[in-house]
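Below: one structure, written as structure tokens.
4 protein chains.
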Amino acid sequence: MNTKSLIIADQIFNSRLFVGTGKYASGTVMRESIEASGSEMVTMAMKRVQLNGPDDGIINYLPRDRYQLLPNTSGVRDAKEAVFAAHLAREALQTNWLKLEIHPDPKYLLPDPVETLAAAEELVKAGFIVLPYVHADPVLCKRLEEVGVAAVMPLGAPIGTNLGLETRRFLEIIIDQANVPVVVDAGLGAPSHAAEAMEMGADAVLVNTALATAADPVKMGLAFKMAVEAGRIAFESGKAVSRQIEAEASSPLTAFLDS
Amino acid sequence: MNTKSLIIADQIFNSRLFVGTGKYASGTVMRESIEASGSEMVTMAMKRVQLNGPDDGIINYLPRDRYQLLPNTSGVRDAKEAVFAAHLAREALQTNWLKLEIHPDPKYLLPDPVETLAAAEELVKAGFIVLPYVHADPVLCKRLEEVGVAAVMPLGAPIGTNLGLETRRFLEIIIDQANVPVVVDAGLGAPSHAAEAMEMGADAVLVNTALATAADPVKMGLAFKMAVEAGRIAFESGKAVSRQIEAEASSPLTAFLDS
Amino acid sequence: MNTKSLIIADQIFNSRLFVGTGKYASGTVMRESIEASGSEMVTMAMKRVQLNGPDDGIINYLPRDRYQLLPNTSGVRDAKEAVFAAHLAREALQTNWLKLEIHPDPKYLLPDPVETLAAAEELVKAGFIVLPYVHADPVLCKRLEEVGVAAVMPLGAPIGTNLGLETRRFLEIIIDQANVPVVVDAGLGAPSHAAEAMEMGADAVLVNTALATAADPVKMGLAFKMAVEAGRIAFESGKAVSRQIEAEASSPLTAFLDS
Amino acid sequence: MNTKSLIIADQIFNSRLFVGTGKYASGTVMRESIEASGSEMVTMAMKRVQLNGPDDGIINYLPRDRYQLLPNTSGVRDAKEAVFAAHLAREALQTNWLKLEIHPDPKYLLPDPVETLAAAEELVKAGFIVLPYVHADPVLCKRLEEVGVAAVMPLGAPIGTNLGLETRRFLEIIIDQANVPVVVDAGLGAPSHAAEAMEMGADAVLVNTALATAADPVKMGLAFKMAVEAGRIAFESGKAVSRQIEAEASSPLTAFLDS
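Chains as they are written, first to last, in my numbering: chain A, 19 to 277; chain B, 19 to 277; chain C, 19 to 277; chain D, 19 to 277.
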């Protein structure tokens, strides 16, 4: 299969599926699920890699030669906290890569557009490779691009809901306008959702809850892997367009009864 | 991968993707697309296998040891015509398998429930392995099951529209109630649609227009193959349930800023 | 307001909202809710009008000079039972009008297309004004029309679910093809659903659960009344068409900043 | 009907339908359509009220004792231009009311969250009654509320598309969290869309394209008026909840055939 690879910040990714590390039953299950998924980009909250005190050893499950670690700033509430967390993450994990997420509201965990833009600008200047998690807001995505983010990560639906591409119409616009990779993040609850995002032309997707909370996270890792690849191939194959209501037979009508 | 195989009428199918033969640019493209799809069940309108006069040689592209041929009665308008066409098909192709489709209306090509049930009953008695194409009507599907059809083929959307699972709610009921395989047919316009049907628990899907009219039908064949497998694996992995609106973080919130 | 009236079987209806009588907390609430709804067509299950034994007096709440009673055959499982029930209903209520509903399955209460067509044909011959409740099956609706039903009543969603127009695509075809009034029945859970059906060109809608189980059924009766009228007026006003994604300003862009 | 009135910035509105002034065929049609709609809040682009040169006299059609004029900043591209336009508008129309809209992109006309927040803060301080037009971004809406806007106007779909409530899930969150009125703006293409927004608990809706481009804008004005009222009444009546798929009969099943 000769699908073009994804490139972010000059790094090549053979997989267009990004994964998270939360909610898994154990480190072993997590490792096997992520292996099955084929992912090469793994995000984690900073708390999981605490330097002091007993950490959960998450890093041990994720060999650095295999995965690009993508620390995220989940839990911060404004740009200042985000910048602080980013520097901590860089030091702890020895990586410039950062998933920037700022959600002041603990109930819906939706991102703050204004703080995110401010933090992104500052972090880009400080040498970070910034991938901001944002609402599916086309104008915000363009502004983030202008300050130099490496990709944008608009949400499909509120995080953890498994609802799929509720923001479909806006993702289409974002993809149409983007000059950086678009990674659809949050809300993808099934392989079909991931496939749909890829068919629309998204460059990658990020999935966590749907993998980690499946009855069989390893098998589900494989399912998402295949769905993402299927969606990408379909995009490259020129997916047929939906047509309104008047049907057309797949087969020419038989004439043999009338002849 | 240890996915249970599909069995219809005691025959084992390793692929859960059924394909059609209409609308392809050439016989060669058709053959390559179907090969890429991994399908083992291929449907065709009887006109394509005309016995007299110059036929289009469609059969030559489909080796019998590789594909179960599934002649369909597309073009007939009532039970009587369908039964007549079925017998012709059996003789011409030397197979008992039959996709029964009766659509009196040339505009939308939607199936007739009453004629379909009557023809199905008669054809089952005459020894056919009958797979009827029907509206996503749960009661009709049960009645067809009662007269002995080998599978039911409810539609996802009007044929040729590529709209996807417009009949989602009713397919769920059909799948919940069925004691024979459920093959979602018509309207599947993208691999994500096929994956979704499989995630819901459909036993197989049939695709034609979306394959044959893709810019690259061969690559698209592969995309559908992978999507169908992904959807099936997800179904077996226990797909997570969609949750209403209140978000839950994938990652535990970081505490490091507050400590 | 000069909206054309609905005519079924030569009878004029000023309201395009049909209502049911089930699930109300009391006869008084039912009467007031129906009054508020402005409905002139009221359906009821035959059990509610039992001739022997203590009935619930439902008829007393529904003056005959104000409402066309539409007895329904809810509970019957095949054509034979339906025909029997229809004759009982005619005798009991002294009306030829009949909502024909046949659902053999007690779980989802979906209608049987084959039995419904058979019963409709027989009942039309016996002089009934037949309004069959059916799945949103365009071919079945045409066949019912051919045997002489006075209107067709396709469902929007499984009864009692309040899900709205899940069968939208098929209702569009039914409305496009129909030569008798189309009454969208079942599943309408909100005034917006009723308005949408009317905007699509439905001739009327039938609502029960959403009225009877509202916190305030009387106020909700008014809400449905207004929504149905609004939808009808919109249909007559030439509703604007949905356009795909590229926006167009409602207002001409201001030039004053550039000048 | 005893529906609670809408109050914004201490002003009472008897109508929850706001309208625009663009795209009408003539001033007379506009006036009649708006009259039919019952609206008391009318927005207009500043260009329409040009002080110098021949204006289109739009103001003459809109008596000040009947309508609250809501000048909008359509066409500006950043906060600075918006503030300038706002001051011009206040002077020209002698009103503090302002619909703040900033969309740097001429293709999709989607609002800029960062510029909008900055402009809103400054304009509130300058004594304006600010109603910002924004993406359906719950966090942004809270931040606008914190700087003192009088209401928030999240979009339902890209302006002019008539697609309805594409942002449904996010509007629910915005409404759930808001302490100021929520006015759903943009994309409402049919009365049913407006009714749905009101049923969800929106405080008002703004419609322009769907009115102005209807075949009969005056009749359509009435349709929207009724639909908005119907939706509001339904909200106050406690709309029944959608239930998943298992049906429940509206009428108790008849027992008479079994007895």
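Using N, Cα and C, we set each Cβ at its ideal position, and we do this for glycine too.
Computed from a prediction, not measured in an experiment: that's the story for all the values here.
Coil, strand or helix - residue i by DSSP
i        : result
Tyr151/D : strand
Ile77/C  : helix
Met171/A : strand
Asp194/A : helix
Leu118/D : strand
Met216/B : helix
Thr39/B  : coil
Phe31/C  : strand
Asn70/D  : With a pLDDT of 49 at Asn70/D, under the threshold of 50, the modelled position of this residue cannot be trusted; read the value that follows with caution. In the structure shown, Asn70/D sits in coil (DSSP, three-state: anything other than H, G, I, E or B).
Pro89/C  : strand
Phe253/D : helix
Val144/B : Reading off the sequence, residue 144/B comes out as Ala, not Val. Correct three-state label for Ala144/B: coil.
Val225/B : strand
Ile177/D : coil
Ala232/A : coil
Thr185/A : coil
Lys22/D  : coil
Ala204/C : coil
Val132/C : helix
Min CB distance residue i to chain D below 7 Å
i        : result
Leu35/C  : no
Gly174/A : no
Pro209/C : yes
Asp234/C : yes
Interface flag, residue i vs chain A, CB-CB below 7 Å
i        : result
Leu135/D : yes
Val157/D : yes
Glu247/B : yes
Tyr151/D : no
Proximity of residue i and residue j at Cβ, strictly below 7 Å
i        : j        : result
Tyr42/C  : Ala212/C : no
Pro235/D : Asp221/D : no
Ala241/A : Ala248/B : yes
Leu158/C : Pro131/C : yes
Ala168/C : Glu133/C : no
Ala232/B : Gly256/A : yes
Gly119/D : Tyr151/D : According to the sequence displayed, residue 119/D carries Glu and not Gly. For Glu119/D and Tyr151/D, yes; Cβs fall inside 7 Å.
Val165/B : Glu140/B : no
Met171/D : Ala107/D : no
Arg34/D  : Val246/D : yes
Asn237/D : Ile251/C : The displayed chain sequence assigns Lys, not Asn, to residue 237/D. Result yes, Cβ atoms of Lys237/D and Ile251/C sit closer than 7 Å.
Val60/B  : Leu80/B  : yes
Option nearest residue i by Cα separation, candidates the options
i        : options                                   : result
Ile191/C : Ala215/C, Ala252/C and Ile177/C           : Ala215/C
Met62/A  : Thr39/A, Asn78/A and Val246/A             : Thr39/A
Leu88/B  : Leu173/B, Leu224/B and Met218/B           : Leu224/B
Gly56/B  : Ser44/B, Gln29/B, Val37/B and Lys125/B    : Val37/B
Ser44/B  : Ile30/B, Glu58/B and Gly75/B              : Gly75/B
Ser210/A : Ala196/A, Asp194/A, Asp123/A and Gly174/A : Gly174/A
Gln29/A  : Arg95/A, Ser92/A and Trp115/A             : Trp115/A
Asp83/B  : Ser92/B, Asn90/B, His105/B and Thr113/B   : Thr113/B
Leu162/A : Asp123/A, Ser23/A, Leu135/A and Asn78/A   : Leu135/A
Glu109/A : Ala137/A, Leu149/A and Gly145/A           : Gly145/A
Ile147/C : Ala196/C, Asn90/C and His121/C            : Asn90/C
Pro124/B : Pro156/C, Phe253/C, Pro124/C and Pro122/C : Pro156/C
Chain B contact for residue i (CB, 7 Å cutoff)
i        : result
Ile191/C : yes
Glu99/C  : no
Val132/C : yes
Glu109/A : no
Cutoff 7 Å: residue i Cβ touching any chain C Cβ
i        : result
Lys22/D  : no
Leu280/D : Only positions 19 to 277 of chain D appear in this structure, which leaves residue 280/D out of reach.
Leu206/B : no
Touching or not, the stretch 175–182 of chain B and the stretch 201–214 of chain B, by the rule of three or more beta carbon pairs under 8 Å?
Three or more Cβ pairs closer than 8 Å define a contact, and the stretch 175–182 of chain B meets that threshold against the stretch 201–214 of chain B.
For the stretch 44–53 of chain C against the stretch 96–116 of chain C, do three or more pairs of beta-carbon atoms, one drawn from each stretch, fall closer than 8 Å, so that the two count as touching?
Not touching, per the Cβ criterion.
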